[in-house]
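Chains as they are written, first to last, in my numbering: chain A, 102 to 425; chain B, 22 to 468; chain C, 24 to 663.
A virtual CB, placed ideally from N, CA and C, is assigned to each residue, including glycine.
Here the structure comes first, spelled out in structure tokens, and everything after it is commentary.
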Amino acid sequence: MPVEIPKDKWNGQVRVVTLGATADQGGTRTSTVTVGGETTMPFMHFEGEIPHRPVIALEIKDRRPDDWSSLLLDLWSDKADDPAVWAKAAEEAGADLIQLSLSLTNADGNPTTPEAAVDAVKKVLAATGLPLLVFGPGQADVDNELLVAVAEATKGERLVLGICEDKNYRTIVATAMANDHLVIARCPMDVNLSKQLNILISDMGLPLDRVLMDPTTGALGYGIEYGFSVMERLRMAALQGDAMTQLPMIVTPGFEAWKTKESKVGVDVPESWGDWEQRAINWETITAVALLESGADILVLRHPESLKRVRAAIEDLMTAPETV
Amino acid sequence: MALSGIQIYKMLPQTNCKDCGYPTCLAFAMKLAAKQVELDLCPHVSEESKAQLAESATPPQRLITLKANGNEVKAGNEVVLFRHEKTYYNMPGLFVRIKDDLLADAIKEKVAAADTYSTNYVGIDLVLDGFAVEAVSGSSASFSAAVAAVRAASKKPVILIAQDAGVMAEGLKVLDGEAPLIFGAGAENWEAMADLATQYKAPLTVTGNTLDELADLVEKVKGKGIEDIVLAPATRSLHGELTTRVLIWRLAIKKNFRSLGYPVISVAGDAGDPAKEMVSAAQAISKYAGFVVIDSFAPDFVYPLIVLRQNIYTDPQKPIQVQPGLYEINNPKPTDPVLVTTNFSITYFSVANEIEGSGLPAWLLVADAEGMSVLTAWAAGKFDAERIAKSVKAFDVASKATNRTIVLPGHVAVLSGELEEELPDWNVRVGPREAVDIPAFMKQAMT
Amino acid sequence: MAEHTVKFDQASKPVKVPTGTLLSEAAEQAGISLTQPCGGQGRCGRCAVIVTEGTVRRRSTLRLSSEDVEAGYALACQSVVEGDICVTIPPQDKIERRLTSDRTVAQVKPPASYDASVHQSIRRYRLSLNPPTMDDQTDDWSRLQAALRNQSNIGAVQVSLKLLQKLGQVLRVGDWDATVILDSILWDCPDCPARLIDILPGHVADDVPLWGTAIDIGTTTVSLWLVDLLTGEVKSQVAEYNGQIARGEDVISRIIYASKDGKDTLRELVLETVNGLVETACRRAQILPESIVKTTVAGNSTMIHLLLGIPAESIRLSPFVPVVNHIPALIASEVGILINPEATVDCLPGIASYVGADISAGVLASGMSDTDKITLFLDVGTNGETVLGSSEWLVTCACSAGPAFEGAGMEHGMRATQGAIEEVWINGKTFESSYRVIGNVKPRGLCGSGLITLLAEMFLTGILDKSGKIKLDLNTPLVREGYHGPEYVIAPAEETGVGQDIVITNVDIDNLLRAKAAIYAGFTVLADSVGVPMEAIEQVLIGGSFGKYINVEKAVQIGLLPDMNWDRFQFLGNTSVKGAYLALLDHTLRTKIKSIAAKMTYIELSADNTFFDAFMSALFLPHTDITCFPSVEAAMLTKD
Ligand code: SF4
Ligand code: FES
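What follows is the structure, encoded as structure tokens:
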């Protein structure tokens, strides 16, 4: 009995966004990364286009972090002391992109200066040819100060500046506009807020093909279901033609998973949690896979093993099934 | 096609007699439309309406229940493709696969461990659902011995996997009276398997390489009088499985295509190494499997999966909640203040983000307000001085924040007097109404 | 370049202007100053002129209907001279009327079919009793009853002790002629005997009015109409803020206050307000409060509970059940309303905790329960009640919108009374505002309609971003950092009647945004819950204590009302008091309210996330999903 394949008809498309700029394009990257362009829900090759595969970034910091799990610190060992070395190692581990997260303070506990931030970014840019995402430490005024300096010092690189939130987006958007960079619009797990922020950013005049959105996902066990559904809803809205949701989605399962107790803590946890390292990697991997299934275009991870597993999953999922 | 409340209302007597226990016929109709009540609560419906309504009430995807010794696993009966559209109802059962080439003792050991596995997640004990015994040895004796060993070590529901109907029959004999899931019917063996299913009143899986094959075989098996069917598409890649299950669900739910209106089983254990198996199982849980068979059974493997399942099958219509408790923001010291808010996620996130963004350390006490925002919870009596004081005690806040300064959201400034009475040795302060103003408040008033 | 002659009726000489000159510039040359409240941006429509001869090129006719254009209307700021023309400038009020015709307030006229002898439950009878004699020692009360039976065909009658106490004297003063007032049709007990309300000495003439009041007790505003029950005429309409406001702005605060020993206080406060209004109305009509013999009371369930001193705590606690929805007939002295102590007090029936008698009365007044048209009825008030349906079915919900649209809780909000700014235009270039004030006096504040137009104007002129944040970088002193954060100055102190700048703060705007979002989300979710698409709604009836009108266009621009053809909207004013008025007049309508209340299906919005989602989506200007507001999208495009 021939079964008629039910195809959803979508009339929208996710915007195509290119990260990084090569020398020709006014930057110094040896390659760029392009995401987006989907005309169907994740991996439904039989009814639409998925021109660009989801990509994976590895997150590094401008100095050895104080608050990362020892599993990660041991793994990166002394590479974590130098962002350039770390970036190189991340590239070798298979990352498509590097996310450099700036610290609030330097090792001595003094606030990170704009000069230091610029310095770290430049080092990383010199060490790897991959496109770069630069995240501020997450405090509005510090983010603004550091990111403006970074943006100006790297004009034309098409860096991705993270992150814009509804309370603090104007400065970062303005500097991204002036210096040919991209931004990330982040909202706390709410379809409407995400859309509203995208509208506000676009109202400022930044073309939407220079915006990525981070719907905030939560980790496995810590609200991932909200992130999962918000992403499905955003993607459906995009495909239905809602221009303000047609942005590629960036998610940070590395950050989310590695702040959970399951990943961070190895002792004094229930026996039913099993081996620490395996559990931690599984936690990050499953968080990432669930978000991949719900529409992530860029996944920022922290552990190379998770990267390997998620990469394998992406490769499998990007194959179009021959028969259905 | 599901009927709307108004459409159903037009088929009801419209007398608003309240006999059904609802204030109006329309109220009852809307409950019916939401499938939250049964039609027979209204004693006055005409026969004609009854027939029409029954038609629309048939679920697009058949409910399959595996039972054993009082343990139950359900799959099917889903009504939406995306969880946000309503909710998913029946969590996929997780079954650990036991192959019959294992020695009886090894089987018992593995089964016992999986059988007793339990982990506590947000106050709920999560467990595995059962076992899948697979005939790989080819010998019916080994198979029945393995089934017996499993049954000796666990009382949970079982799936029997065998190609050969003769072997399957031996396994079924061991579980006589239980109705395990027979896995299953393929193009070659379906008649014999269907006979077994009939004989043991057991549900049967149907395998096929394509949707066409699946649907064909389902119809054949149905022709033999089998109603309880589980689909077992033969594809093994992530992309193949995903596409197949998406299409099966779409056909059932959106097209009401009866031949594929059944839950799907996924054998993640076939993926190869545990790393791949994990990804395959995670995909099966997030995307449309009704039963998942895994080989690996290590706690660090099972725990994340079982939590994922819990998360995905949470009802998204319920207000989004965070765990009540005392949260640390920016590494607070005992001298830092305690800010109070409710466990409605958006409220929590906006407050937590603002404090985090202020760079100032603080304790954030999240009180259980049944997932309501500050004002709503206060209005409904779920966020009052008594409840806040209870949280302070329950989470032993006094021992961590020894300075004992507690800050109420500005919207419930009225509670400050009562809270002072409830917490006599605390310094009760009133914070701003809106989260945005928290950093300024903390900078001015708290330092 | 070619020159053309433009002749203005109002100017002494024609002017010559080159092709492409704006009509407004030509007018200026001719020495005529046209009002251009929006700064000549084609948004306000107040610069409309009539081209009586020749033609002009109209760049934009956004504010004109096709009939207007047909009639020669053109916006002076948007029309270009391309030939010789004659122009006349219509008087301002003509433009205004044209623009406000879509926001008509129905005049209160007694229903045409009203016949007191049929519909009114209160009856007045003139009796002539036989004086007692030594032969006829029948007691006074039996004598009166006999007269009622024989002369007016009234059987049994109930009487209170109070009336018996004065009976003997009244009969004798009137020399055995008396006028009795009876409540003859007790709606809650049709078989019960009529009740004696008053007995007056002598014969009261037929043309002496029989007084009643219709009262609406709103959370924020209390309204009272004084009515002649014989003719049905409304003699006086008065309103005042509810005295309870000082104890909490919303029903929840009131309930909590009441539950903490504040029940009596709240009861006294609202009675004070009501009695104050009775007094004012009586003074205006020059009558005594005692001559009021019947009152109907509408109000939300909490207000009715508090008025009657019934504990209201169960209203706010799950599962949200009021103590009583259908209240039996009461008398004024027990309720505490200072009118005739025996007067009937009829509290109209409510539906649920958060949908009260104000809504059942409103539905009656709106007529929606009699029409086949799918109708949306919105009460733009503190509790944001909404009803959807037709004669066939009715669903209702409530969403706490807060009192912003009643002007309460705002820095410079006020009721729609004298001195309230009821409409605002902002010049898109200078950001200066012009406004119209009720009573043409110096402004004292902003009422609901004023706030709606202000919000829309601030949004369209770019003072606000779409999330409702005031932009501080606009380069005008009118936008500034105030004590409560960013604010915009509508009227500087010297222009006002309050001696200080009239401003709107970002906090006010947040309140307005939340109020409009709650109302919009309420009706969209309600419609969705019964599967009625927005397009299927054939008419939108709006109730609420705005002034004379609500500017529908502006209300759509801020996303308070759905974006549909303006002719589908009708503004009904305070429907609650209107419904109470109808029930006061006609006992069959009173019965109808009861059946309306029984038929309405209440939808609890807090049952799941849907409402919150819709609310968040509406918490934007005009809405997160601009495709729901095509006309606003178009207006925004023409702005740029
Ligand atoms: S019992 Fe039937 S007729 Fe009566 S109210 Fe319920 S649905 Fe209507
Ligand atoms: S429309 Fe012409 S001045 Fe406003």
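query: Exposed unless 16 or more other CB atoms sit within 10 angstroms - verdict on residue 477 of chain C; result: buried
query: Under 7 Å by beta carbon: chain C residues contacting residue 369 of chain B; result: What residue 369 of chain B touches in chain C: nothing, since even the nearest Cβ is about 14 Å away.
query: Meets three-Cβ-pair contact criterion under 8 Å: the segment 242-260 of chain A and the segment 206-223 of chain A; result: yes
query: Terminal residues of the alpha helix (DSSP H) in which residue 328 of chain A lies; result: 325-340
query: Nearest-angstrom beta carbon gap, residue 395 of chain A and residue 333 of chain A [assumed within contact, 8 Å]; result: 5 Å
query: Nonlocal neighbours in the same chain, by C-beta distance under 8 Å from residue 355 of chain B, ignoring five residues either side; result: 421, 422, 423, 424
query: Residue 385 of chain B Cβ short of 7 Å to ligand 1 heavy atom set; result: no
query: Local Cβ density within 10 Å of residue 32 of chain B, reported as buried at 16 or more and exposed below that; result: buried
query: Counterpart residues of residue 401 of chain C in DSSP-defined beta bridges; result: C/409, C/565
query: At least three beta-carbon pairs within less than 8 Å, the segment 313-330 of chain A to the segment 376-393 of chain A; result: yes
query: Cβ neighbours of residue 188 of chain C in the same chain (closer than 6 Å, five flanking residues each side left out); result: none
query: Endpoints, alpha helix (DSSP H) assigned at residue 305 of chain C; result: 286-308
query: Residues from the segment 117-145 of chain A in contact with chain B, defined by Cβ distance under 9 Å; result: 142, 143, 144, 145
query: 9 Å Cβ cut-off: residues of chain A touching residue 212 of chain B; result: Neighbours of residue 212 of chain B on chain A: none; closest Cβ ~18 Å, over 9 Å.
query: Cutoff 8 Å: residue 198 of chain A Cβ touching any chain C Cβ; result: no
query: Interface residues of chain C facing residue 110 of chain A [CB-CB closer than 9 Å]; result: The premise fails here: residue 110 of chain A is roughly 18 Å from chain C at the closest Cβ pair, so nothing lies under 9 Å.
query: Where the alpha helix (DSSP H) containing residue 412 of chain A begins and where it ends; result: 405-418
query: Contact with chain C by residue 280 of chain B, beta-carbon distance below 8 Å; result: no
query: Range covered by the beta strand (DSSP E) that runs through residue 48 of chain C; result: Residue 48 of chain C -> not in any beta strand (DSSP E); alpha helix (DSSP H) instead, spanning 46-52.
query: Coarse secondary structure for residue 357 of chain A, derived from DSSP in three states; result: helix
query: Host beta strand (DSSP E) of residue 257 of chain C (start-end); result: 257-264
query: For residue 136 of chain B, the first and last residue of its enclosing beta strand (DSSP E); result: Element bounds for residue 136 of chain B: not the beta strand (DSSP E) but the alpha helix (DSSP H), 125-137.
query: Members of the segment 261-292 of chain B that neighbour chain A once the beta carbon cut-off is set at 8 Å; result: 261, 263, 264, 265, 267, 268, 271, 272, 275, 276, 278, 280, 281
query: Cutoff 8 Å: residue 293 of chain A Cβ touching any chain C Cβ; result: yes
query: Residue-chain proximity (residue 304 of chain B, chain A), Cβ-Cβ < 8 Å; result: yes
query: Distance, residue 155 of chain A Cα to residue 96 of chain B Cα; result: 32 Å
query: Simplified DSSP state of residue 151 of chain C, which is helix, strand or coil; result: strand
query: Check whether residue 501 of chain C and residue 511 of chain C have beta carbons under 8 Å apart; result: yes
query: The segment 172-180 of chain B / the segment 126-135 of chain B touching (three or more Cβ pairs under 8 Å); result: yes
query: Ligand 1 heavy atom lying under 7 Å from the CB of residue 539 of chain C; result: no
query: Proximity of residue 365 of chain B and residue 340 of chain B at Cβ, strictly below 8 Å; result: yes
query: When C/515, C/251, C/525, C/148 are compared against residue 206 of chain C, the one with the closest alpha-carbon; result: C/148
query: For residue 514 of chain C, the residue or residues it bridges with in DSSP; result: C/525
query: Residue range of the unbroken beta strand (DSSP E) whose run includes residue 348 of chain B; result: 346-350
query: Cβ separation of residue 318 of chain C and residue 374 of chain C, assumed to be a contact under 8 Å, to the nearest whole Å; result: Rounded, the Cβ-Cβ distance is 21 Å, inconsistent with contact.
query: Closest residue to residue 246 of chain C among C/453, C/262, C/381 (Cα-Cα distance); result: C/262
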